[in-house]
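Be aware that the sequence shown starts at 235, since it is given in our numbering, and climbs by one per residue.
Backbone N, C-alpha and C fix where the C-beta goes; we use that ideal spot for every residue, glycine too.
Inspection log for the structure reproduced underneath, given as structure tokens.
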Amino acid sequence: MMDLSWIQLGVVAFIFVWSGFVRSGLGFGGALFTLPFLLLIYNDPLIFLPIISLHLLFFAGLTLVQAELTKKDADSTSVNWQFVRFALLVMLVPKLAGVIGLLVLPTALMNLIIFSLIAAYSLTYILGKPLQSNSWVVDIAFLITAAYISGTSLIGGPLVIAVAMRHIKPQEFRNTLFVIWWILVSIKLCAFVIAGVDIQLINALWLLPFAAIGHLIGHRFHSQLLQRDSASFYRILGWVLLGTSVVGISQALA
């Protein structure tokens with residue numbers, strides 16, 4: 235990534251500020267809402283996915299430790315461990331299958347898959363029709379699909395959220411998702427190391443302060459984001475993601 239121009243590196247840094255904000259503020263989206271922009275700058279997901287993964291481990295872990303230290307009741311928890319166990323039991327095997335797919339599929343094909351998935355997600359935000367689950371069968375189908383997508387690109391969040399909304403309280407939402415992401419991303423990084431993929435540690439370190447800025451801003455706005463009607467925010471974001479995905483798909487097919 236060091237062969238990028240200073241302007242491109244500046245844009246990458248700004249995108250990671252945004253990544254930190256959405257991850258901390260929403261509890262998901264660190265990859266979904268940033269990867270399409272990053273791939274327009276440098277079209278190799280194996281460059282950016284390790285960086286996003288390392289940042290998620292750091293900031294999700296930090297948030298969970300802070301929540302544990304500041305809780306008022308020793309018996310209280312901000313994590314729904316029952317849902318964590320259920321989700322991981324369903325997701326572990328397809329997650330590994332997705333990681334294998336990421337490692338063996340051509341970069342151009344992976345970019346096409348990633349941009350196509352993001353375009354599909356963007357339509358749900360534009361139309362105000364988020365993915366929803368209404369049965370255990372749909373829960374399991376969504377989690378299996380999310381795990382495979384997460385293995386290939388870390389953008390399975392909306393499917394997990396569709397299931398989580400049926401089972402966990404709003405105040406447990408972010409930290410429960412952070413536990414799931416932390417475990418799944420750890421598996422992904424271990425697979426990268428075993429496969430000899432560069433985990434981009436140096437790039438992750440110099441981008442960490444930028445992600446930290448976004449994390450702090452998102453952390454401050456987390457409670458407000460839970461309380462407010464954010465439909466217009468997601469609709470605008472959906473149009474931006476759709477436009478970015480169309481450009482990315484065009485590049486992948488060129």
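Quiz item: Is K403 near the ligand MN, judged by its Cβ being under 7 angstroms from some heavy atom?
Solution: The ligand content of the structure shown is nil, which means the ligand MN is not present either.
Self-check item: Validate contact between the segment 290-302 and the segment 245-264 using beta carbons, cut 8 angstroms, 3 pairs
Solution: yes
Quiz item: Relative to the alpha-carbon of P392, which residue among W415, E406, V371 and W315 has its alpha-carbon at the smallest distance?
Solution: W415
Quiz item: How long is the line joining the alpha carbons of P328 and D373, rounded to whole angstroms?
Solution: 14 angstroms
Self-check item: Collapsed DSSP secondary structure at L280 in the structure displayed
Solution: helix
Practice problem: Determine, using beta-carbon pairs with one atom in the segment 274-288 and one in the segment 395-405, whether at least three such pairs fall under 8 angstroms. | Solution: no
Self-check item: Where the alpha helix (DSSP H) through L322 begins and ends
Solution: W315 to V338
Exercise. Give the straight-line distance between the Cα atoms of A380 and D237, rounded to the nearest whole angstrom.
Key: 33 angstroms
Quiz prompt | Beta-carbon proximity list for F412, same chain, < 7 angstroms, skipping 5 on both sides | solution = G261, A294, T297 and L298
Self-check item: Alpha-carbon spacing of A331 relative to I383, whole angstroms
Solution: 9 angstroms
Quiz prompt | Sequence-distant residues of its chain with Cβ nearer than 6 angstroms to I334 (five each side left out) | solution = none
Quiz item: Does the distance from the C-beta atom of F255 to that of G472 stay below 8 angstroms?
Solution: no
Quiz item: Mapping DSSP to helix, strand and coil, what is F267?
Solution: coil
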